[in-house]
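Counting in the working numbering, the sequence shown runs from 2 upward without gaps. Cβ atoms here follow ideal geometry from the backbone N, Cα and C, with glycine treated the same way. These notes are about the structure you will find just below.
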Amino acid sequence: MGLGHISHDVCRVLGVNGSCRWRSLDRIFAMRWPAALALVVLIACLDASAPATHGMVTFVIDDGNTTDYTVKKPIFDAAGVVAVSAVISSRLVLSNAQLLAMQADGWEIASHSRRHRDETVLTEAQLEDEIGGAKAELERMGLTVTTHVYPYGRFNDLVESVVRRHYRAGVTGGGGPNVIPLVNRFEIRRHMFGYQYTRADQNTLAFHQRLVDRAKHRGLWLVFELHEVDSTDVVMLSQLLDYIRRQSLPVVTIRQGLSMTR
Ligand SMILES: [Zn+2]
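Put into structure tokens, the structure is as follows:
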């Protein structure tokens with residue numbers, strides 16, 4: 002138990018917070034020793050029963066394939082959680098009705114640009130069209146769009162500056178889990194899940210469970226990146242969601258995650 006925990010729990014016990022924290026420690030030091038001992042025991046009990054520093058988990062599915070609705074959504078539905086579908090606004094495969102139904106069920110629909118071009122080679126005017134244009138197209142359909150997922154995970158300072166004009170968050174590819182609070186909410190990093198683009202030895206239930214364990218114990222935000230899934234991935238996704246539930250980690254959208262990291 003660190004000093005931070007002690008002062009935090011002292012504050013809980015004494016019903017004080019903020020600047021009163023260190024004055025609370027002074028109060029304990031001024032107590033007669035039996036009272037001080039009782040208080041320390043009480044604090045230790047509170048600390049043992051308090052949840053560990055928890056992280057959270059997000060699933061961002063790229064490219065807006067039909068299977069987001071027909072295959073993946075039923076798996077998330079069965080687990081009672083939601084995910085993020087990042088769609089290419091000028092190449093929509095999911096129907097308007099499917100996208101609106103996903104949003105109505107709590108899913109976040111994110112932008113994955115208008116045409117899925119490598120944004121690092123575009124001019125600022127082209128970026129405005131790809132990035133701002135995607136948001137405008139999707140919002141005309143009645144979707145709320147606050148996250149941009151960089152095509153191919155590629156971005157640079159100019160790309161990020163255009164994304165900052167239109168969105169609350171930018172999601173990259175790869176890079177590992179995210180420290181909370183975020184260093185930069187326009188560079189949210191991910192871990193790959195599924196047979197596509199993932200090394201075979203890193204697409205096992207045990208590997209993904211270790212990532213979840215690390216997120217839980219270090220209080221990290223673990224964001225998975227998904228594309229298409231095969232029959233093995235389908236079973237593994239269901240098992241992974243069950244494992245995350247048993248670890249009591251929240252599964253959130255990017256928008257929800259941002260609100261929890263502030
Ligand atoms: Zn993509």
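Rounded to whole angstroms, the Cβ separation of Leu-128 and Val-172 is 16 Å, and the two are not in contact under 8 Å. By the neighbour-count criterion, in which a residue is buried when 16 or more other Cβ atoms sit within 10 angstroms of its Cβ, Pro-75 is exposed.
Around the beta-carbon of Thr-145, fewer than 16 other beta-carbon atoms lie within 10 Å, marking it exposed. The Cβ atoms of Thr-67 and Val-94 sit closer than 8 Å to each other. The alpha helix (DSSP H) runs of length 4 or more contained entirely in the segment 200-229 are, from start to end of the chain, 206-219.
In the DSSP assignment, Ala-87 forms a beta bridge with Asp-63 and Ala-111. Residue environment for Ser-232: exposed (fewer than 16 other C-beta atoms within 10 angstroms of its C-beta). A straight line joining the alpha-carbon of Leu-100 with that of Ile-89 spans about 12 Å. Exposure of Ala-105 is indicated by the presence of fewer than 16 other C-beta atoms within 10 angstroms of its C-beta. DSSP, reduced to helix, strand and coil, places Val-252 within a strand of the structure shown.
The C-alpha of Ala-126 is placed about 42 Å away from the C-alpha of Thr-205. The beta carbon of Asp-231 sits no closer than 7 Å to any heavy atom of ligand 1.
Under DSSP, Asn-179 takes part in a beta bridge, and its partners are Trp-222. Per DSSP, Arg-92 lies in no alpha helix (DSSP H) segment and is marked neither H nor E.
Close to ligand 1, as judged by a C-beta nearer than 7 Å to any of its heavy atoms, are the residues Asp-63, Asp-64, His-113, His-117, Pro-152 and Tyr-153, in chain order.
When the five nearest sequence neighbours on each side are left out, the beta carbons in the same chain lying within less than 6 Å of the beta carbon of Pro-251 are those of Met-57, in order along the chain. DSSP places Gly-171 within a strand segment (E or B) once states are collapsed to three. For Arg-186, the three-state secondary structure derived from DSSP is coil. Counting C-beta atoms within 10 angstroms of its own C-beta, Tyr-151 has 16 or more neighbours from the protein chains shown and is therefore classed as buried.
For Gly-175, the number of other beta carbons within 10 angstroms of its own is below 16, and it is reported as exposed.
The C-alpha of Ser-96 lies about 32 Å from the C-alpha of Thr-262. Residue burial is scored here from C-beta neighbours: Asp-63 has at least 16 other C-beta atoms within 10 angstroms and is therefore classed as buried.
The shortest C-alpha to C-alpha distance from Gln-197 to any of Arg-118, Glu-140, Asn-157 and Asp-234 is the one to Asp-234. Taking a C-beta distance under 8 Å as the contact criterion, Asp-214 and Ala-80 do not qualify as a contact pair. A straight line joining the alpha-carbon of Arg-141 with that of Ala-135 spans about 10 Å. The C-alpha of Arg-92 is placed about 24 Å away from the C-alpha of Arg-191. Between the beta-carbon of Glu-109 and that of Ile-255 there is about 6 Å, and that keeps the pair under the 8 Å contact cut.
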